[in-house]
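In the working numbering, the protein residues as written are 65 to 186.
As structure tokens, this is what we get:
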């Protein structure tokens, strides 16, 4: 049996986007998570493929998370839109798939985050 997950009294809700090392999380430990969870998955994430990361976390949680699969999103689309300087310096993290509007996605994501925290934190 897994050791009890230490409870942090300051945490009352959790948001996770493209969770790294999802395959490495101990399922028994994840089943101890009782806080509300909002989980985001980039459907076209080639760095953290959802089947090995977000889906593993989702399947192990004891309660269904507020799940947000994002069609056509890649791993770096969870980063805020890049400034022109950053886009020039590091295009790999600033370039989204054709047709994916990162700025519009972040407006929707931010609104969903606010709704989640208002609903769970009161």
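C-beta atoms are modelled at their ideal positions from N, C-alpha and C, and glycine is treated no differently. Since we're looking at a predicted model, the values are computed, not measured.
The Cβ atoms of residue 152 and residue 110 lie no closer than 9 Å to each other. In the same chain as residue 177, and ignoring 5 residues on each side of it, the C-beta atoms closer than 8 Å to its own belong to 79, 102, in chain order. The residue from 148, 179, 74 with its alpha-carbon nearest to that of residue 130 is 179. The three-state reading of DSSP puts residue 81 in strand, counting E and B together. A distance below 9 Å separates the beta carbons of residue 105 and residue 118.
The Cβ atoms of residue 100 and residue 82 do not sit closer than 9 Å to each other. The DSSP assignment places 148-153, 155-158 as complete runs of the alpha helix (DSSP H) inside the region 137-180, in order along the chain (cut-off: 4 residues).
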